[in-house]
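Each remark here refers to the structure printed beneath this line.
Residue numbers (my numbering): 275 to 425.
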């Protein structure tokens, strides 16, 4: 009798006992989501040249993109605050396009990739002294992010 009371309680809490189940169907496993993590890539000061860590990150991202051919990506380039808005906009576009070209060379179809530059807008970290090009904040802002495009 206790088993009859316990079973509905277990089902309510998402638990079930499968001993002597009357059905012959195998339980179905449904994967509801897949987590994809793409890393930021950082650049040397005032260039579109990746840092050593940025080169390693792009190789890991390339593998993820090759393993998931259905993903479309927006490659968003950014800069630190030093320099003029116009210079920073152009540099952010060059950074995004550099990453795009590397991915294409790594067999990612060009139609899966869109490059865009945001200049110094949307900083990762606020730069209290924009002229301090060696600050942690400036280094954090010299980056490219991958944004997954969902339609």
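Ideal placement from N, C-alpha and C gives every residue a C-beta, glycine not left out.
Taking a contact to require three or more Cβ pairs closer than 8 Å, the region 380-388 and the region 316-329 do not qualify as touching.
Considered as a whole, the region 323-393 harbours 326-341, 359-379 as its complete alpha helix (DSSP H) runs of no fewer than 4 residues, in chain order. Apart from the 5 residues on each side of it in sequence, residue 417 sits with its Cβ closer than 6 Å to the Cβ of 314, 316, 352 in its chain, given in chain order. In the DSSP annotation of this structure, residue 411 is not part of any beta strand (DSSP E); the continuous alpha helix (DSSP H) holding it starts and ends at 410-415.
For the 8 Å CB-CB criterion, residue 347 and residue 421 form a contact.
Looking at the DSSP output, residue 421 sits in a beta bridge with 348. A direct Cα-Cα distance of roughly 46 Å separates residue 328 from residue 300. Bridge partners of residue 315 according to DSSP: 418. Note that the region 353-362 touches the region 401-412; at least 3 beta-carbon pairs, one per stretch, sit closer than 8 Å.
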